[in-house]
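Engineer: Chains as they are written, first to last, in UniProt numbering: chain R, 1 to 505; chain D, 1 to 164; chain H, 1 to 114; chain L, 1 to 936; chain X, 1 to 117; chain U, 1 to 89.
Here you go, one structure.
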Amino acid sequence: MNPLVIAPVLLPLLAGTLLLLLRGTLSLRVRRGLNLTLVAIQILLAAALLMTVSEGDILIHTLGNWPAPYGIVLVADRLAVWMLLVTAILAWFALLFAVRGTDQGSRHFHPLFQLQLFGLNGAFLTGDLFNLFVFFEILLLASYGLLLHGGGARRTRAGLHFVALNLAGSILFLFAAGTFYGTLGTLNMADLAVKIAAVPPENLGLVRAAGLLLFGVFALKAALIPLHLWLPAAYSSTSAPVAALFAIMTKVGAYCLLRVGTLIFGEDAGPVANLYTGWLLPLALITLIVGALGALSATELRRQIAYLVVVSVGLLLTAFGLGTPAAIGAGLYYLAHATFAAAALFLLADIVAGGRGASLDRLTPGPAIPRAGLIGGLFFVTAVLIAGLPPLSGFLGKFLVLKAALADPAWPWAMGLVLTSGLLGMIALTRSGSLLFLRADGRSGATPASAGDLAPVAGLLALCLALTIWAGPILGLAQAAAEQVLRPQTYIQAVLGPTTRTEHR
Amino acid sequence: MKLRLFPHPVLTPLLALIWLLLANSLAPGQILLGLLLGWAILIFTLRFWPERIRIHRPVTLFRFLLLVLYDILVANLNVAFLILRGPRRLTPAFVTVPLDLRSELGISLFANTISLTPGTVSSWLSPDRRSLVVHGLHVGNPDALAATLKRRYEAPLLQVFEPC
Amino acid sequence: MLEILLSALILIGALFTFIGSLGLARLGDFYTRLHGPTKATTLGVGSLLIASMIHFSTQGDGVSFHEILVTLFLFITAPVSAHLLSKAALHLRVKSLASVPPRIDEADSGSDNR
Amino acid sequence: MNLFFVILIPFVGAGLTGWMSRFGRTPSAWTAGGVALLALLCLLPSSAAPFHGETLVQRWQWISDIGLDLALRLDGLGLLFALMILGIGLLIILYARYYLSERDSLGLFYAYLLLFMGSMLGIVLSENLILLLMFWELTSLTSFLLIGFWREREDARKGARMALTITGLGGLALLGGFLLLGEMAGSYDLSTILASGDRVRAHPLYTPMLVLILLGAFTKSAQFPFHFWLPHAMAAPTPVSAYLHSATMVKAGVFLMARLFPVLSGTPEWSWLVGGAGLATLLVGAWFALYKHDLKGLLAYSTISHLGLITLLFGIGTPLAAVAGVFHIINHATFKASLFMAAGIIDHECGTRDMRRVNGLWKFMPYTATLAMVAAAAMAGVPLFNGFLSKEMFFAETATFYTEHDWGWLLPLVVVIAGMLAVAYSLRFIHDVFFNGDPIDLPRTPHEPPFWMKAPVGVLVALCLLVGILPMLTVEPILTVAVASVLQTPSPVHNLAIWHGVNLPLLMSIAALIGGLLIYAARRPLFGLAAQLEGRLDAQAMYRWTLGRVIAFAAWITRHLETGSLQRMLLLFVLSVLTLGAAGFVGSGSPLTGIRATLPVDILGVLVTAGIMSAAIGTLALHRRRLTALIVMGALGLLIALIFVQFSAPDLALTQLTVEVVTIVLLLLALYFLPQRSPAESSRATRLRDLGVAALAGAGTAALTWSMLTRPFASISDYFLVNSLPGGGGTNVVNVILVDFRGFDTLGEITVLALAGLGIYAMLRDLRLQGPTQDADGRPWNWDLHPSIMAALTRLLLPLVLLVSMFILLRGHNLPGGGFIAGLIAAVGLIMQYLTNGVEWTHRRLSDNLHPVIGAGLLIALLTGLASLALDYPFLTSAFAHVHWPIVGDFELASAMAFDLGVYLVVVGATLLILIHLGLMHRASHATSLNPLEPR
Amino acid sequence: MEALISLIVGVLTACGVYLILRGRTFPLVLGLTLLSYAVNLFLFATGRLAIGLPPIIDRNLAETASGYTDPLPQALVLTAIVIGFAMTAFLIMLALKARAELGNDHVDGRPNIGDDA
Amino acid sequence: MLNLAVTIALGLVSAAFALTLWRLLRGPDQPDRILALDTLYVNAIALLVLLGIHLDSSLYFEAALLIAMMGFVGTVALCKYLLRGDIIE
């Protein structure tokens with residue numbers, strides 16, 4: 001019973017509660033510092049967990065001391081911890097940006113922020129399908145609050161669409177989870193995996209339908225075509241730190257697709273083995289190209305970045321859809337990169353918009369940005385990252401995915417579409433970059449961005465640089481996580497024990 | 001201070017009684033719990049009560065309640081008959097009843113009694129609270145109805161709540 | 001004997017419930033329809049609750065008086081609902097078979113100074 | 001190790017130089033020069049190795065798992081290129097110091113230049129293909145910065161973008177090609193790849209791989225039809241052009257062909273693709289070069305043409321052709337760099353580069369003119385200059401080709417025509433600029449440039465001469481080792497000499513020279529022809545058109561996909577889900593109906609079903625009259641509660657009932673601010689479509705339900721039933737599940753509720769809505785804010801309601817109820833006070849600061865769980881005990897009850913928070929009492 | 001009985017889907033409410049239908065699992081109802097905010113649409 | 001006999017339900033519908049009591065109690081809406 005497993009879930013909840021209760025007592029400065037400290041502790045926690053699971057152990061925490069599959073379990077395997085770490089790091093930088101003023105746009109930013117992390121961490125750790133639903137709702141509701149933070153017509157409209165669509169998604173989740181329970185009689189994911197392998201043929205239809213409905217839920221979260229349409233407006237209209245934090249949101253969907261696709265519908269799932277892969281790869285590839293086209297046609301920087309997030313989702317899910325250890329490992333590496341890079345770009349876009357006065361981030365000639373050299377340099381580096389150009393982590397990720405794709409019969413498609421989308425993304429970013437930084441019409445914009453504004457961006461870029469330099473060991477971690485994910489038996493044994501626990505009855 | 005801690009000597013046992021009804025039990029633990037809750041809830045809710053309710057003639061009130069119960073029974077039979085007989089033969093009418101009651105609670109109780117009893121629903125209270133418009137399902141003589149209502153219900157209520 | 005009493009109470013209760021709803025469905029205008037449910041159903045549900053009380057009190061698991069609470073609730077709330085509904089209908093000038101006293105109209109519209 | 005530093009030094013030096021620029025232009029220039037020199041010095045210790053036939057490989061582990069290491073290699077080819085890059089780089093640094101004006105940030109320029117230099121060195125020194133590719137793309141990026149250096153100029157920006165787009169396209173294709181190549185060879189290491197040529201050429205994917213790699217090479221080296229970016233890149237400062245477009249960037253493409261020559265060449269595909277592209281480029285470039293009035297434009301097209309020549313040589317594919325190719329790379333670098341620098345001097349001095357205006361400069365700057373003329377002669381292939389030698393070899397190779405192939409005679413012919421054109425444009429460069437009358441309307445009066453600006457040109461021109469006259473002494477050793485590493489065999493026998501006797505190549509050269517003179521003489525009519533052709537054969541227009549189409553297509557598809565319409569998104573969502581569900585079920589072949597026995601239908605079931613169906617359809621039919629729809633939906637909620645009652649779920653029924661009412665109150669609060677009716681907006685067809693989709697969705701879920709309900713199943717629930725009392729201490733299994741077995745869910749659930757409260761509270765700030773002053777029918781609102789009959793009685797009800805709420809809370813563990821339902825009941829009771837007595841009245845009695853309540857609730861629930869964690873049990877482990885107190889008797893204390901209390905508080909707090917603040921929101925817009933008789 | 005429940009779920013879903021495809025916020029809320037009714041019923045039904053067997057353990061009887069309906073779906077539905085309520089509340093608020101900031105109650109806040117048609 | 005009575009009673013209450021539902025959908029005015037909803041709640045209490053007797057279970061009592069409470073709140077809120085539009089003011 002390792003309390004380390006549950007700490008990443010409980011800490012943000014406790015933090016959120018305390019920040020809520022102490023709202024009136026503590027000054028804003030103190031609360032900011034407190035929040036930053038708490039998120040930093042979460043980074044340390046995740047890192048400690050990563051150390052613990054690096055040997056391949058899977059840690060579990062049986063909540064309420066009820067054995068699985070009856071109680072809810074939290075499961076920390078390499079994949080989950082990987083996600084935790086990426087989330088915590090991202091959150092810290094997003095928060096660092098937010099405490100420079102965005103957190104004052106509306107009430108309760110800090111509790112909402114922590115509760116958002118509660119939802120995210122819970123979703124990554126839980127080993128129970130219905131509990132996953134609950135955490136989805138937590139992270140969604142927190143994200144609604146954060147998304148709307150600050151207000152404004154565009155934000156409200158986007159928020160309304162986001163909320164409505166996700167509500168529909170939640171309903172679908174319940175249908176899917178219900179069908180699973182009504183057919184297999186359990187909700188624990190490991191137990192589901194065990195039961196599904198032995199599903200009688202007459203129940204196959206229900207199980208498959210449930211699986212694909214769940215696929216629909218996750219596809220919506222992950223913004224897979226044609227369910228990606230909520231993303232551009234939502235991400236482009238919200239405040240910068242929130243958009244940066246949202247870089248992880250689509251990855252939750254991707255994570256779930258990977259988790260469910262490998263655990264429940266993995267190789268050992270008998271008649272329903274690999275149910276997701278057939279759908280995932282083609283859809284991911286189309287997403288990739290549609291996202292790239294969207295980025296090319298965007299007339300605002302933030303919308304363009306939002307579409308680039310769609311592109312990254314496409315590439316990520318392409319990797320997951322390929323389903324080999326190499327591909328999934330590549331995908332996990334890319335996931336970290338894409339999250340940080342997109343976040344950096346969102347933050348940068350905010351600085352750009354702030355520096356251009358009334359022109360904001362519209363891709364039209366406008367006033368010169370103060371400190372254009374520095375900001376432009378950062379933009380250049382970030383754009384190189386996002387577009388997947390060498391020599392940074394974006395290129396490595398793309399290269400790894402492509403290399404892994406060669407083993408798949410569909411590799412010409414994968415290669416063609418990935419490369420084309422890369423080209424389109426590059427053209428798009430070149431256009432916007434040269435427009436924003438090179439083509440100023442001389443008028444001076446607003447107050448210059450301070451070093452403090454740029455620090456989170458620089459920090460995120462430094463992370464990407466670290467991802468590049470230490471690509472070897474980091475990729476090793478990702479690869480190990482991928483291999484572990486593809487051996488669901490270890491997960492099942494860790495959760496249910498060596499023998500399937502039927503004697504409890 | 002004493003008032004704060006024990007706000008109402010009657011209502012606390014009353015609530016405890018209701019608690020026992022809810023719990024369907026007379027166990028000592030439940031009685032204790034009921035009293036405790038009756039006390040705690042009253043402390044919290046007493047400020048929601050508009051005015052100190054003072055009952056001047058409990059016996060009259062009790063008699064009045066029995067009368068109402070009886071009237072409800074009769075009224076129900078009456079209305080059932082009217083409904084079954086069909087809508088054609090009904091002569092509905094609005095009747096205005098002048099009010100002597102002044103307290104909010106008194107008026108409310110009067111109006112409610114009217115609604116529960118013979119073929120009448122209190123429909124409208126004038127802004128000055130001096131008259132109540134009543135809808136009758138089958139009214140022969142409006143003035144007589146108004147007089148009956150005043151005599152049968154308002155008078156005892158006046159005695160109980162506003163003896164001046 | 002007890003069973004007969006119970007059955008009678010149940011049937012009476014159900015019958016009055018039914019008649020109340022019948023009135024709601026049959027009668028000619030809103031104000032007359034209002035009478036059915038407020039009265040017939042209070043009695044109907046009342047006798048059903050008494051039946052339930054008797055039934056469960058005689059089942060052996062001790063007395064069952066908590067049905068009184070429901071009745072109490074209904075008796076407090078039903079007239080209030082009826083009054084409010086009637087008031088709302090008058091405010092909305094819902095068509096009435098009986099003539100509406102003119103002062104209601106005056107008070108409701110004339111004094112509104114917004 | 002030193003190779004690593006050769007590459008690293010420029011990168012680090014770039015930063016240093018940029019930083020030095022704050023101390024002035026000269027320190028910055030010195031630093032840049034020093035950096036380049038340092039890199040060169042670093043290279044020298046290793047440079048002997050290639051001459052001994054060794055290939056130096058240095059390797060650092062990076063991502064070894066996937067065959068990506070920092071592996072560098074130094075062989076003859078690499079050394080040759082590295083020397084060119086560094087050597088010419090040094091000259092360019094010197095030149096740029098004087099070329100760039102005070103306004104330009106020299107430090108930034110040098111930083112970019114050094115970055116580019118480092119990238120270029122990386123390409124030529126990479127042992128690992130992927131590493132090579134990374135540097136390849138870096139040159140694209142850094143050249144983007146260099147070309148767009150004068151960012152205020154529109155043409156610079158466009159040129160830079162175009163260059164990046166085209167070379168970026170190539171880079172991506174190259175990535176694909178390298179991936180395939182690495183897969184075929186089993187490694188990304190050049191050593192391995194170069195040794196596995198046969199395997200690669202026999203691979204079924206050879207052709208696509210070749211095409212992809214060549215796409216990369218061709219775009220970089222500006223081969224037809226991708227040549228058009230190069231002239232536009234002339235918007236760059238001239239030192240950049242001199243560097244990038246003579247010795248470095250554009251040479252990367254031909255370098256790559258040389259590098260992979262042993263692996264890829266020797267197949268018909270190679271010959272046709274490479275030879276064809278080279279030949280076309282040779283001609284097209286030469287043709288356009290002649291007619292450019294812009295000095296740099298002429299040089300740009302001539303560069304294209306010469307790159308075509310080199311490509312063609314590699315396409316021919318014989319060992320001697322490779323020798324010629326490498327030789328011409330060297331020669332072209334020298335004379336073209338000097339020519340560009342000369343052009344820069346002219347531009348610098350005259351303020352324009354238009355050859356129609358720049359005439360007769362011989363009088364103004366004789367030294368520069370001499371240097372330029374020598375370089376131009378080398379370009380034209382005049383004997384005694386280096387260009388002549390390689391051109392001669394080139395002619396020889398085409399002549400050999402003629403003997404070996406049908407239609408082969410065409411090649412020498414075409415090549416000679418190209419040679420003529422080359423002579424002609426070289427002549428034009430010399431004649432137009434330095435002679436041909438007087439300058440016309442120049443912005444400045446030209447004179448000789450500073451010495452240090454001419455010096456680099458002089459060095460290069462001297463090299464042209466030296467190589468041209470004494471090839472064996474100067475260029476032969478390095479050429480031999482370079483060719484050896486290109487061919488991976490010892491260099492074939494070749495004889496670098498001016499005079500080989502009268503043979504076919506010499507005749508061809510003479511023909512070219514004479515023809516060139518003739519063409520130049522007849523240039524006037526030809527200019528007209530060219531002007532006509534230019535409009536038609538404009539690859540750049542095609543590029544623009546294509547890009548425009550792509551962007552238009554992107555915009556079109558995005559516009560049609562992302563219309564910003566929620567209805568569309570939802571429709572797509574529903575359709576996707578239907579597809580997924582149907583595909584899942586239908587694809588399995590399972591029967592719809594299972595074998596489980598069904599319950600008999602009873603009267604209540606029919607009643608409720610009929611009721612729900614009519615209420616649901618009623619809601620649908622009446623949805624445009626919103627209040628009506630709401631009322632009908634209220635009935636629906638009640639009926640659903642009845643289903644829960646009927647099928648043994650009292651807890652659910654209670655929950656459903658309370659939630660329903662709270663929802664209705666909430667909706668009513670909202671409806672006040674919304675239109676009372678929905679307009680009929682959708683067309684009949686849309687409605688029919690939606691009805692169809694809705695019917696399908698309904699059929700789908702109905703089928704799913706039916707299919708599931710008719711199948712037997714075994715679930716984990718028996719465990720809960722058995723363990724609820726002994727393990728959880730409660731008889732209401734649902735509640736025990738909620739607070740114990742799955743207490744974590746509940747913790748999440750109350751967090752959701754708290755979040756909703758907080759989110760709404762946060763959202764409501766600054767939200768001011770004006771409610772209507774009359775209802776939908778235009779009637780003013782009733783004056784009576786709080787009808788007194790209602791108010792008086794509901795106040796009495798409050799203690800009753802709270803009592804019930806406590807009752808439901810306390811019994812929940814054993815009988816239907818629990819914290820959530822109890823909390824809602826209490827909330828409803830309190831809301832009722834708001835409803836009947838108004839906000840102000842209630843506020844005097846009840847604080848509206850509900851955050852502490854929510855927070856306390858969450859904290860209690862959380863601490864209950866943490867308590868067990870502190871005792872070394874898992875989170876939320878429950879404990880319960882039977883306690884016996886005198887008088888009170890037996891009762892049970894369970895930690896789950898504390899948890900339930902937390903739930904209760906959160907529910908009360910959140911529900912009230914939501915409803916009250918919505919009520920408060922429009923308090924401002926309200927007049928207070930409206931009773932005409934009550935005092936205000 | 002199972003057929004009736006299936007029918008109910010189907011009809012509720014159909015009506016809900018139709019309503020969420022309307023262009024105004026209020027029908028959207030109504031539609032989502034209907035859909036959550038449908039899914040709650042569905043989730044509830046996953047434990048199969050049983051009449052008169054509420055999962056309240058009788059202390060006097062032996063500890064046996066038979067004779068009770070499946071309690072787990074009920075707990076799940078309870079959670080789902082609560083979450084659904086929270087979500088609906090949030091959506092309603094958001095609809096109001098949209099009405100205030102976009103000027104009308106169309107889900108897309110179309111600028112050229114009048115309010116009361 | 002009790003069973004028969006309960007069955008008949010169930011039939012009667014169901015018929016009452018149906019009539020009320022008809023009024024609910026038919027209208028014609030909003031007060032009619034609210035009244036019908038209110039009546040529906042009362043009918044539901046009757047139904048629950050009957051069901052309790054029928055199934056011999058007192059577990060339905062709380063539901064009845066809650067219906068009584070919630071039905072009232074719903075009706076009050078709806079009426080208030082008709083009168084004032086703004087129900088919490």
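All residues carry an ideal CB built from backbone N, CA and C; glycine is no exception.
When burial is assigned at 16 or more other CB atoms within 10 Å of the CB, is Tyr70 (chain D) buried or exposed?
Structural biologist: Start at 1 with the first residue of the second sequence, and residue 70 (chain D) comes out as number 70. So Tyr70 (chain D) ends up on the exposed side.
Engineer: Under the assumption that Val485 (chain R) contacts Thr262 (chain R) (Cβ atoms under 8 Å), give the Cβ distance between them as a whole number of angstroms.
Structural biologist: What you label residue 485 (chain R) is simply residue 485 of the first sequence in a count that begins at 1. What you label residue 262 (chain R) is simply residue 262 of the first sequence in a count that begins at 1. The pair is a contact, with the Cβ atoms about 5 Å apart (cut-off 8 Å).
Engineer: Can you tell me the Cα-Cα spacing of Leu43 (chain X) and Asn203 (chain R), whole angstroms?
Structural biologist: Against the fifth sequence, residue 43 (chain X) aligns to sequence position 43. Against the first sequence, residue 203 (chain R) aligns to sequence position 203. Taking the straight line joining both Cα atoms gives about 18 Å.
Engineer: Write down the C-beta distance between Ser246 (chain L) and Ala422 (chain L) rounded to the nearest angstrom, noting that I regard them as a contact closer than 8 Å.
Structural biologist: Indexing the fourth sequence from 1 puts residue 246 (chain L) at position 246. Indexing the fourth sequence from 1 puts residue 422 (chain L) at position 422. Going by Cβ atoms, the distance from Ser246 (chain L) to Ala422 (chain L) rounds to 16 Å, so no, they are not a contact pair.
Engineer: Between the Cα of Val11 (chain X) and the Cα atoms of L:Ile640, L:Pro772, L:Asp900, L:Phe880, which residue gives the shortest distance?
Structural biologist: Counting from one through the fifth sequence, the residue named residue 11 (chain X) turns up at place 11. It is L:Ile640 whose Cα lies nearest to the Cα of Val11 (chain X).
Engineer: Can you list, in chain order, the residues of its chain with a C-beta nearer than 8 Å to that of Leu125 (chain L)? Leave out the 5 residues immediately preceding and following it.
Structural biologist: As a first step, residue 125 (chain L) must be located in the fourth sequence, where it is residue number 125. Result list for Leu125 (chain L): Leu3, Val6, Ile7, Leu72, Arg73, Leu74, Gly78, Ala82, in chain order.
Engineer: Along chain X, in chain order, which residues have C-beta atoms closer than 8 Å to that of Ser57 (chain U)?
Structural biologist: Looking up residue 57 (chain U) in the sixth sequence gives position 57. The answer, in chain order, is Gly52, Pro54.
Engineer: How do the region 469-481 of chain R and the region 415-430 of chain R stand: do at least 3 beta-carbon pairs fall below 8 Å, yes or no?
Structural biologist: Output reads no: the region 415-430 of chain R does not touch the region 469-481 of chain R.
Engineer: Tell me whether the beta-carbon of Gly23 (chain H) lies closer than 9 Å to the beta-carbon of His35 (chain H).
Structural biologist: Within the third sequence, the letter at position 23 stands for residue 23 (chain H). Within the third sequence, the letter at position 35 stands for residue 35 (chain H). Closer than 9 Å, so yes.
Engineer: Taking only beta-carbon atoms, is Phe880 (chain L) less than 9 Å away from chain D?
Structural biologist: Residue mapping note: residue 880 (chain L) aligns to position 880 of the fourth sequence, counting from 1. Answer no: the Cβ-Cβ gap between Phe880 (chain L) and chain D never drops below 9 Å.
Engineer: Using the three-state DSSP reduction, which class does Leu132 (chain D) fall into: helix, strand or coil?
Structural biologist: Taking the second sequence and counting its residues from 1, one reaches residue 132 (chain D) at position 132. Residue state, collapsed to three classes: strand.
Engineer: Report the residues of the region 91-103 of chain X with a CB closer than 9 Å to any CB of chain L, ordered along the chain.
Structural biologist: Correct list: Ile92, Met93, Leu94, Ala95, Leu96, Lys97, Arg99, Ala100, Glu101.
Engineer: Compute the Euclidean distance between the alpha carbons of Cys15 (chain X) and Leu32 (chain X), then round it to the nearest angstrom.
Structural biologist: Stepping through the fifth sequence from its first residue, residue 15 (chain X) is reached at position 15. Stepping through the fifth sequence from its first residue, residue 32 (chain X) is reached at position 32. Cα-Cα distance, rounded: 10 Å.
Engineer: Just checking my contact of His110 (chain R) with Asn166 (chain R) at CB under 8 Å: how many whole Å lie between their CB atoms?
Structural biologist: As a position in the first sequence, residue 110 (chain R) is number 110, starting the count at 1. As a position in the first sequence, residue 166 (chain R) is number 166, starting the count at 1. About 23 Å separates the two Cβ atoms, so there is no contact after all.
Engineer: For Leu85 (chain H) versus Asp38 (chain U), is the C-beta distance shorter than 9 Å?
Structural biologist: Locating residue 85 (chain H) in the third sequence gives position 85, counting from the first residue. Locating residue 38 (chain U) in the sixth sequence gives position 38, counting from the first residue. It is a contact, given that the beta carbons lie within the stated cut-off.
Engineer: Quick one: is His884 (chain L) buried, meaning 16 or more other Cβ sit within 10 Å of its Cβ, or exposed?
Structural biologist: Working through the fourth sequence from its first residue, we reach residue 884 (chain L) at position 884. So His884 (chain L) ends up on the exposed side.
Engineer: How would you write the range of the beta strand (DSSP E) that Arg687 (chain L) sits in, first residue to last?
Structural biologist: The residue you call residue 687 (chain L) lines up with position 687 of the fourth sequence. First-last for Arg687 (chain L): 684-709, but that is the alpha helix (DSSP H), not the beta strand (DSSP E).
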